[in-house]
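Residues -34 to -1, 1 to 245 (mature numbering (1 follows the signal peptide of the UniProt record, and there is no 0)) make up the sequence shown, in order.
Using N, Cα and C, we set each Cβ at its ideal position, and we do this for glycine too.
Only one structure is covered here, and it is reproduced in the block below.
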Amino acid sequence: MRNHHRTGRRAARLASLTVGATALLTAVCPQALADDRPGVPDPSGAQQVLASDQVHSTVSRFLGTVAAAGNGVPAMPTAGMAADSSQPFSMDTPVALYELSPDFVKGTKPATVGNAVRLSFLAAPVTGKDGHHADVLLSHGANSWQLAGIRDGDEDARYARKATQGSTVFSEPQIHAWYALAGNKVQPLNHEAQDGLGGRGSVSLTDYQKLVHQRYADKTPGSSYDRNGLAGGYGLANAAPAHPSRPSTTVLAAAGAALAPAAGVVLLRRRRSRTARQA
């Protein structure tokens, strides 16, 4: 009887997640192709990962750990908390997250939508039974999608959903800025982005390329900045930042041993350093 109920619950969960992944197939991909954004590879593979027991268990334990800590993610949850805490949740349709392309920053590619941004993650928003929000992040490797992490809060998906058929939303993660790219205009979506544009309401994509080239051309992959583990503004939670940073967002790294129930969870911290501090 227990196995029968367990099978039923799993079937219901798979059906629910399949609905979201089907929307990914029919909505995200055509939109990405229509306005020259990088496409979403293998959406059916993303569907399978989101519907897996592995993802469900990891997300449930993450939300349970957050709930056990009083809706505030602890600095480093214990293995016992990660193994024993769990929480039911609902998952919404995943959305594509775009960020600056290194080639665009280096100036080796012309200023076009397809060259300016690259697909970084798929983010599937989840809501725990207590109303707590998080974004499940999938990354695409050489051949498949995999669970990359769980970011506390719903900021990533919330901004990504502002994209329209004729616009692309992307992030400049080094300064925690979100922009909309419509036609040849880059428009700020938050205060950090407005600061990044020098207070202007919009700039041309060509002018924006000049701005980010000045900021990051010496910090792209392969640079000494990259070799020191600082490129992209990400680092281990226990690593001292090279520059003072603003309050961080907690991420559960869900690869490798971190997925094992007895292994606990590994937390990463996304540093939000200002451009002036990276110069």
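Query	Result
In angstroms, rounded to a whole number, what distance separates the CA positions of V32 and A90?	18 Å
Within its chain, find whatever has a CB closer than 7 Å to the CB of A148; leave out the 5 residues flanking it on each side and keep chain order.	G132 and S133
Tell me whether L155 sits in a helix, a strand or coil according to DSSP, three-state version.	coil
Rounded to a whole number of angstroms, what is the C-alpha to C-alpha distance between Q112 and T172?	34 Å
DSSP beta-bridge partners for E65?	R84 and S137
Tell me the DSSP bridge mates of T93?	S56 and H99
Considering only the beta carbon of each residue, do residue 286 and H142 sit closer than 9 Å?	With the chain represented from -34 up to 245, any question about residue 286 goes unanswered, as that position is not in the structure.
Can you tell me whether R27 is helix, strand or coil according to DSSP?	helix
Under the DSSP definition of a beta bridge, which residues are partnered with S170?	K151
When the Cα atoms are used, what is the spatial distance from L63 to R84?	8 Å
Per DSSP, Q112 forms a beta bridge with which residues?	S105
Where DSSP assigns a beta bridge to A146, which residues make up the other side?	V135 and Q153
The alpha helix (DSSP H) spanning D122 covers which residue range?	E121 to A126
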